[in-house]
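Before any comments, here is the structure.
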Amino acid sequence: MNVLETKDLTKSYRGKVVLDNVSVTVREGEIYGLVGRNGAGKTTLIRALLGLARPDSGEIAINGARTIQELEEERKKIGSIIDSPALALHLNALDNLKSIAFSMGQRDVSKLKALLERVGLEPADPMKVKNFSLGMKQRLAIAIALIGDPRILILDEPVNGLDPAGIYEVRELLKRLNQEDNITILISSHLLSELSKVANSYGVLANGKLVKELRSEDVEALSRPYIKVVVGDLKAALSVVTENYTQQDFDILPYNTLALYDLSKDISFVATMFANAKVPVLNICNCDADLESTFISLMGGSHGANDAHDEPVFEELDVLRPLQSNDLNADGENAKKEDNDEK
Amino acid sequence: MRNKEFAYTLSSDLFRLKKLRSVFVGLILMFVIIFLTYAVCWIGMNLATRMDVTEDTPGEDGIVVDENDMPLFSQQDKDAMTALFDNLNRESLMGSGAVASIEFFVMIIVCIFVGKDFSNGTVRLMVSRGTSRVHTFFSKWVSAALLVTIYSVFALIMSGILFSFKPTPFTGRDFGILMRCFSLEWLVNISTMSIFLMIAFLCRSSGSSLGVSIGFYVVLDIVLSVISTVLQISGGNMDWLIFMPLQQMTIASSSATLGATELCAVIIMPFVYIAASIGIGLATFLKRDIK
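Chains R and X are the protein sequences, given in the same order. Letter 8 of the first sequence, counting from 1, is numbered 14 in my numbering, and no numbers are missing. Letter 75 of the second sequence, counting from 1, is numbered 78 in my numbering, and no numbers are missing.
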């Protein structure tokens with residue numbers, strides 16, 4: 007059963023389209039990871055689902071409900087974190103929970119204290135939230151999202167500001183909630199490796215459009231291990247590879263680097279092959295499946311998104327983007343590298 | 004079910020309002036202002052009682068002086084002084100709500116309360132959890148109206164207590180006037196509160212809504228003063244000025260008998276401003292995205 011669904015959802019701000027006919031489907035019991043750069047439309051999509059942004063056109067369905075009143079009713083079953091944690095800074099943790107719980111008709115303080123303990127906060131702590139660390143605020147936001155035993159959780163960057171231990175705890179908590187309580191989770195995060203540890207379905211957004219919806223098996227199939235070789239002479243190396251491999255399954259990465267996906271020939275064979283051809287090998291290693299580069303390539307690489315919203319992390323990762331055939335110039339040289347040099 | 008939901012939203016708003024320090028700071032400051040108003044009356048009344056009165060006939064300049072050339076007061080001066088402070092004491096009681104500057108405190112608290120709920124993300128969180136926007140808006144309006152009521156009653160009680168320390172003659176008719184003043188002041192305060200609530204919903208942050216509210220107050224005051232001066236010079240009709248926003252409190256707190264125009268200004272206009280503020284505030288809140 008589909009618990010969250012959008013159909014041709016479109017939203018623009020001052021003439022700029024931020025969601026362009028987006029149709030996503032989240033099934034019951036899934037952990038759905040929403041992937042995309044800053045400005046790709048993730049938060050707008052989440053806002054629209056939660057009734058905070060009015061779409062220009064398209065449809066939203068939550069558990070099959072579509073009218074405004076029905077949607078308001080269904081949203082009572084959704085816990086959420088959007089942008090920065092929504093917290094009253096002049097109150098302590100328990101009062102923050104009370105403030106939201108009262109609005110939902112929940113007055114059982116013992117349940118609220120249990121929620122705080124569940125996310126690792128001290129219920130009796132009188133410290134005001136304004137004195138909390140970012141991690142503590144994030145935990146409190148998760149506790150607030152869990153008020154009223156929601157059936158769906160929508161979390162926008164829930165591990166922002168958490169230390170590694172905190173990230174691990176939140177990940178385990180989300181897995182537990184999903185497996186034990188069958189809570190459906192929609193989660194957006196920039197930490198792709200982290201996301202891949204919890205999500206079993208993905209929606210990739212780029213420039214306000216849904217590029218692809220994938221299940222975790224599809225992502226694994228797309229991301230493959232490879233042998234990475236940094237060579238001194240790329241042209242010579244390419245001719246060696248074409249001579250020795252029947253399947254031309256390789257990518258040219260920046261900085262005279264080759265990614266060889268055909269693992270029928272092991273790393274020692276590759277090293278010997280280049281040595282025999284007198285092609286200098288500067289570095290060679292086995293690389294694991296790289297989910298991040300898979301997602302980045304799905305998002306359209308570094309040039310596919312809105313440059314105004316580019317985030318440094320993606321720019322750094324750009325060097326990992328496999329070259330496409332049009333990145334090579336007529337002589338088989340790495341045109342992309344040349345472009346970078348010119349810049 | 005929907006009514007129950009409104010009660011839930013209201014209880015959540017009242018909980019946060021109760022936890023807002025400015026509410027209590029406002030009450031303390033109000034008490035100080037009321038006390039200072041009465042203190043001025045008491046000092047004036049004491050001075051009037053202790054005034055040395057001379058029986059001598061005033062000279063050509065109308066002033067009687069003592070051996071140090073200091074002016075001496077006649078019985079007439081003393082009576083006028085006593086009447087002045089007795090009247091001020093009485094008017095302080097009649098205008099207890101106005102004296103306490105409820106308008107000003109409510110403006111600050113409403114802007115902080117609504118602005119904080121927006122900037123902290125509480126409104127965002129409540130709407131995303133299925134609370135209707137209509138309930139959210141009216142819950143804040145009712146909470147602010149309750150605040151105005153509590154402040155008004157507090158000001159009235161404090162005024163009554165302080166008035167009783169040094170009472171001037173107070174009849175049953177005066178009690179009627181007191182109740183009339185209190186009711187009208189309350190109504191005017193509710194309309195003022197509605198205007199500031201609308202501003203807070205439009206601005207969505209404590210700082211900017213406070214700035215806009217104060218700016219609105221000051222600019223309106225300046226504009227109306229200029230208009231009033233121009234009308235005075237040109238001999239034009241100034242009656243309509245009392246129908247303008249935030250101009251009804253002086254009439255509401257006056258113990259004088261009110262004419263038809265004044266009654267219209269002080270009874271009908273608050274309702275007009277309440278309806279307009281709610282209409283604009285709610286329509287904007289329903290239409291705009293919540294950040």
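For each residue, glycine too, the CB sits at the ideal point set by N, CA and C. Every value quoted in this text rests on a predicted model; they were computed, and no experiment measured them.
Could you give the residue range of the beta strand (DSSP E) that holds residue i?
{"i": "Thr190 (chain R)", "result": "Thr190 to Ser194"}
{"i": "Ser63 (chain R)", "result": "Ser63 to Ile68"}
{"i": "Ala212 (chain R)", "result": "Ser207 to Ala212"}
{"i": "Phe256 (chain R)", "result": "Phe256 to Leu259"}
{"i": "Glu219 (chain R)", "result": "Lys215 to Arg221"}
{"i": "Asp26 (chain R)", "result": "Lys22 to Val28"}
{"i": "Thr16 (chain R)", "result": "Asn8 to Tyr19"}
{"i": "Leu121 (chain R)", "result": "First-last for Leu121 (chain R): Val115 to Arg124, but that is the alpha helix (DSSP H), not the beta strand (DSSP E)."}
{"i": "Ile293 (chain X)", "result": "It is not in any beta strand (DSSP E) - Ile293 (chain X) carries neither H nor E in the DSSP assignment."}
{"i": "Gly175 (chain X)", "result": "Where Gly175 (chain X) is concerned, there is no enclosing beta strand (DSSP E), although the alpha helix (DSSP H) it sits in stretches over Gly175 to Cys206."}
{"i": "Asn262 (chain R)", "result": "Premise fails: Asn262 (chain R) is in no beta strand (DSSP E) and is neither H nor E."}
{"i": "Ile37 (chain X)", "result": "First-last for Ile37 (chain X): Arg24 to Arg53, but that is the alpha helix (DSSP H), not the beta strand (DSSP E)."}
Quick one: what's residue i bridged to in DSSP?
{"i": "Arg177 (chain R)", "result": "Paired residue(s): none; Arg177 (chain R) is not in a bridge."}
{"i": "Asp162 (chain R)", "result": "R:Ser194"}
{"i": "Arg33 (chain R)", "result": "R:Asn8"}
{"i": "Pro74 (chain X)", "result": "X:Val68"}
{"i": "Ser14 (chain X)", "result": "Ser14 (chain X) is not bridged to any residue."}
{"i": "Ile290 (chain R)", "result": "R:Val235"}
{"i": "Ala71 (chain R)", "result": "R:Ile68"}
Anyone know if the C-beta pair for residue i and residue j falls short of 9 Å?
{"i": "Ile66 (chain R)", "j": "Leu58 (chain R)", "result": "no"}
{"i": "Val109 (chain X)", "j": "Val151 (chain X)", "result": "yes"}
{"i": "Ile273 (chain R)", "j": "Ile258 (chain R)", "result": "no"}
{"i": "Leu261 (chain X)", "j": "Ile271 (chain X)", "result": "no"}
{"i": "Ser95 (chain X)", "j": "Thr40 (chain X)", "result": "yes"}
{"i": "Met97 (chain X)", "j": "Ile180 (chain X)", "result": "yes"}
{"i": "Leu198 (chain R)", "j": "Phe301 (chain R)", "result": "yes"}
{"i": "Ile158 (chain R)", "j": "Leu264 (chain R)", "result": "no"}
{"i": "Glu219 (chain R)", "j": "Val165 (chain R)", "result": "no"}
{"i": "Ser99 (chain X)", "j": "Gly163 (chain X)", "result": "yes"}
{"i": "Ala51 (chain X)", "j": "Phe88 (chain X)", "result": "yes"}
{"i": "Leu285 (chain X)", "j": "Val137 (chain X)", "result": "yes"}
{"i": "Leu266 (chain R)", "j": "Tyr232 (chain R)", "result": "yes"}
{"i": "Leu192 (chain R)", "j": "Ile160 (chain R)", "result": "yes"}
{"i": "Ile106 (chain R)", "j": "Asp162 (chain R)", "result": "no"}
{"i": "Ile230 (chain X)", "j": "Leu213 (chain X)", "result": "no"}
{"i": "Ser25 (chain X)", "j": "Phe116 (chain X)", "result": "yes"}
{"i": "Thr134 (chain X)", "j": "Thr12 (chain X)", "result": "yes"}
{"i": "Val176 (chain R)", "j": "Val237 (chain R)", "result": "no"}
What residue from the options has the CA that sits closest to residue i's CA?
{"i": "Phe1 (chain X)", "options": "X:Leu261, X:Ser256, X:Ala268 and X:Ile225", "result": "For chain X, the structure presents residues 4 to 294; residue 1 (chain X) sits outside this window and is missing."}
{"i": "Ser167 (chain X)", "options": "X:Asn123, X:Ile112 and X:Asn92", "result": "X:Asn92"}
{"i": "Leu304 (chain R)", "options": "R:Leu228, R:Ser245, R:Leu244 and R:Leu161", "result": "R:Leu228"}
{"i": "Met7 (chain R)", "options": "R:Ala107, R:Ser18, R:Gly64 and R:Ala71", "result": "R:Ala71"}
{"i": "Arg33 (chain R)", "options": "R:Val246, R:Glu200, R:Ile68 and R:Lys181", "result": "R:Ile68"}
{"i": "Ser250 (chain X)", "options": "X:Gln235, X:Gly239, X:Ser258 and X:Asp224", "result": "According to the sequence provided, residue 250 (chain X) is Gln. The question's Ser does not apply to it. It is X:Asp224 whose Cα lies nearest to the Cα of Gln250 (chain X)."}
{"i": "Asp14 (chain R)", "options": "R:Ala54, R:Pro156, R:Asp187 and R:Asp239", "result": "R:Ala54"}
{"i": "Ala94 (chain R)", "options": "R:Ala130, R:Leu146 and R:Gly64", "result": "R:Leu146"}
{"i": "Ile217 (chain X)", "options": "X:Lys21, X:Leu227, X:Ile230 and X:Phe199", "result": "X:Phe199"}
{"i": "Glu178 (chain R)", "options": "R:Ala283, R:Gly126, R:Asn262 and R:Glu219", "result": "R:Gly126"}
{"i": "Ser270 (chain R)", "options": "R:Ala281, R:Tyr261, R:Gln254 and R:Pro260", "result": "R:Gln254"}
{"i": "Asp62 (chain R)", "options": "R:Glu128, R:Tyr19, R:Asp89 and R:Ile193", "result": "R:Tyr19"}
{"i": "Phe280 (chain R)", "options": "R:Tyr251, R:Cys293, R:Pro260 and R:Lys143", "result": "R:Tyr251"}
{"i": "Glu36 (chain R)", "options": "R:Pro260, R:Ile189 and R:Ser245", "result": "R:Ile189"}
{"i": "Ile112 (chain X)", "options": "X:Met33, X:Val56, X:Pro172 and X:Ser131", "result": "X:Met33"}
{"i": "Asn282 (chain R)", "options": "R:Asn262, R:Thr12, R:Glu249 and R:Gly64", "result": "R:Glu249"}
{"i": "Gly42 (chain R)", "options": "R:Lys203, R:Leu103, R:Ser194 and R:Val23", "result": "R:Ser194"}
{"i": "Ser86 (chain R)", "options": "R:Arg221, R:Pro132 and R:Ala149", "result": "R:Ala149"}
{"i": "Leu159 (chain X)", "options": "X:Cys184, X:Val56, X:Pro74 and X:Ser194", "result": "X:Cys184"}
{"i": "Lys203 (chain R)", "options": "R:Asp187, R:Lys215, R:Ser222 and R:Leu216", "result": "R:Ser222"}
Since residue i is in the alpha helix (DSSP H), which residue starts that stretch and which ends it?
{"i": "Ser131 (chain X)", "result": "Thr125 to Ser131"}
{"i": "Gly214 (chain X)", "result": "Ser209 to Ser237"}
{"i": "Ile88 (chain R)", "result": "Here Ile88 (chain R) belongs to no alpha helix (DSSP H), and DSSP marks it neither H nor E."}
{"i": "Ala243 (chain R)", "result": "Leu240 to Asn250"}
{"i": "Asp169 (chain R)", "result": "No alpha helix (DSSP H) holds Asp169 (chain R); DSSP gives it neither H nor E."}
Output, in sequence order along the chain, the residues in the region 100–131 of chain R whose CB is closer than 7 Å to any CB in chain B. In the displayed structure, chain B is absent; the protein chains listed are R and X.
Does the structure place the region 105–117 of chain X close enough to the region 185–198 of chain X that three or more beta carbon pairs sit under 8 Å? By the C-beta criterion, the region 185–198 of chain X is judged to be in contact with the region 105–117 of chain X, since at least 3 inter-stretch pairs fall below 8 Å.
Is there contact here, the region 205–218 of chain R with the region 27–41 of chain R, by at least three beta-carbon pairs under 8 Å? Touching, per the Cβ criterion.
Below 8 Å, how does it come out for the region 93–101 of chain R and the region 163–175 of chain R: are there three or more Cβ pairs, yes or no? No, the region 93–101 of chain R is not in contact with the region 163–175 of chain R.
Are there three or more Cβ pairs, one per stretch, closer than 8 Å when the region 39–50 of chain R is compared with the region 127–142 of chain R? No, the region 39–50 of chain R is not in contact with the region 127–142 of chain R.
Quick test of the definition: if touching needs 3 or more C-beta pairs under 8 Å, does the region 118–130 of chain R touch the region 73–89 of chain R? In short, these stretches do not touch, since the Cβ pair count stays below three.
Do the region 115–127 of chain X and the region 203–222 of chain X make contact, defined as three or more Cβ pairs closer than 8 Å? Contact between the region 115–127 of chain X and the region 203–222 of chain X is present, because at least three Cβ pairs lie under 8 Å.
Touching or not, the region 99–118 of chain R and the region 28–42 of chain X, by the rule of three or more beta carbon pairs under 8 Å? With fewer than three CB-CB distances shorter than 8 Å, the region 99–118 of chain R does not count as touching the region 28–42 of chain X.
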